[in-house]
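Mapping the sequence shown onto the UniProt record's numbering, position 2 (from 1) lands on 2, and the numbers just tick up by one.
Just so it is clear, CB atoms sit at the ideal spot from N, CA and C, and this is done for glycine as well.
Just so we're clear, the structure is a prediction, and the values are computed from it rather than from any experiment.
A quick write-up on the structure given underneath.
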Amino acid sequence: MACSTTAGSIEKSPGVLKETFKDKFAIGTAMNTWQITGRDTAATRIIKDQFNAIVAENCMKSGRLQPEEGKFTFELADQFVDFGEQNNKLINGHTLIWHSQAPPWFFTDEEGKEVSREVLIARMKKHIHTVVGRYKGRVDTWDVVNEAILDDGSYRESKFHQIIGEDFIKLAFQFAHEADPEAKLYYNDYSMAEPGKREGVMRMVKKLQNEGVKIDGIGMQGHIGLHHPEIGEFEKSIEAFAGLGVEVMVTELDLTVLPSPWGDQGAEVSKNFDYEDKMNPFPDGLPDEVMDAFNARYLEFFGLFLKYQDKISRVTLWGVADQHSWRNGWPIRGRTDYPLLFDRENKPKEVVSDIIKLSNQQ
């Protein structure tokens, strides 16, 4: 028997996440357009009350900021930064260089032909200098490069890599540092518990460090499922990345309860599959046993984060409440998922109270 979407919610506030973790690590969430503009008042209140860090979900991606060459659209990004400053939040800019959601013009000339290495480097430099420079001293951290390494540890054959080579990563970090020497600069990727990716990211970061490039941290996207990844492998990656002498962040944290069409829980946004009822098993709420498994899995991971609180500087949820999550539409449109800490009525789930109790014991 399925319970309602609010099952597990609690009538009284379980406590305040940002207060619980204030001496351990920052606790954050991604903000969408409705929250940034204040139209979603319920979610905005949760962000103000519960979180002390925010990240731009979409409004700072290159395709949004510079849809046409030289024509920047900063209105929403400005509002995002203003919100962070007005509410005393740690502000994370996401993301400067990413193969996905980059504007098509970035890689082609007026005739539609692929640009030269020199032209693409110049375009990268202008974009990063313009964006980071605009928010110099205001945005605390930047996800400079996103998802450049494949699960086997090799470089993704993105247009950036095809045209520039692996140096595009070094150049991106250099340009960001030039634009704001005080901002912290991070590399961010998914499936970071995969041994091959772990080793590939470590090689890449060591190479940057050996070349004198400023890189302050590594973001481990936390797109997890009930059974994947193995928490022991996630722990190995925390230890390995921290061993490089950089900060470790858990970014984009959410927990899907839905079956995966390909048997793993990566986050390759270009993948999509057709809808089938069997792939949307909980349209009206979660059975008690699934809710119990959900709670236990979140507690297990927060226990891990608390264990490494001296190495983890921030944990960020990828959304506020279940209705906001990209998980509802990826990789199959039309599904109903329950991946976040607040339900569709914007109430804290039972696990929030459990997480706070766990933290208070540490």
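Span of the beta strand (DSSP E) around residue i
i	result
W34	That residue, W34, is in no beta strand (DSSP E); its alpha helix (DSSP H) goes T33 to I36.
K184	K184 to D189
V351	No beta strand (DSSP E) holds V351; the alpha helix (DSSP H) holding it covers E350 to Q361.
Beta-carbon contacts of residue i that lie in its chain and below 8 angstroms, excluding the five residues immediately before and after
i	result
D109	V115 and V119
S313	F25, A26, G217, E247, V248 and M249
S325	D254, W318, G319, D337, P339 and L340
E178	H129
Own chain residues within Cβ distance below 7 angstroms of residue i, not counting five before or after
i	result
K18	I27, Q50, F51 and N52
Collapsed DSSP secondary structure at residue i in the structure displayed
i	result
F72	coil
residue 363	Past the edges of the chain, shown from 1 to 362, lies residue 363, and the structure says nothing about it.
residue 409	A query on residue 409 cannot be resolved here, the shown segment of the chain reaching from 1 to 362 and no further.
P104	helix
F282	coil
K18	helix
K170	helix
L255	strand
G93	strand
residue 365	In the structure displayed, the chain extends from 1 to 362; residue 365 sits before or after that span and is not available.
L244	coil
R64	helix
Distance between residue j and residue i (C-alpha atoms, nearest Å)
i	j	result
A122	N346	45 angstroms
H227	T37	36 angstroms
V320	N188	20 angstroms
N92	G112	34 angstroms
N328	E211	42 angstroms
E68	L306	44 angstroms
T5	W105	With a pLDDT of 39 at T5, under the threshold of 50, the modelled position of that residue is not reliable, and no figure is offered here.
G285	L258	12 angstroms
G334	M279	10 angstroms
V351	Q221	20 angstroms
K61	K159	16 angstroms
Residues near residue i by beta carbon distance below 6 angstroms, same chain, minus five either side
i	result
A193	P229, E233, F234 and S237
D322	Y338, L340, D343 and R344
Q35	A43 and T44
residue 363	The chain is shown from 1 up to 362; residue 363 falls before or after that span and cannot be answered.
Status (buried if at least 16 other CB within 10 Å, exposed otherwise) for residue i
i	result
K349	buried
K170	buried
E239	exposed
N146	buried
F80	buried
G70	exposed
P331	buried
R198	buried
Residue i, enclosing alpha helix (DSSP H) - first and last residue
i	result
D274	Segment: none, D274 is in no alpha helix (DSSP H) and carries neither H nor E.
M204	P195 to N210
H127	R117 to R134
E300	D288 to K307
R45	T41 to Q50
I163	K159 to I164
Residue-chain proximity (residue i, chain D), Cβ-Cβ < 7 angstroms
i	result
G217	Structure shown: chain D not included; a single protein chain is present.
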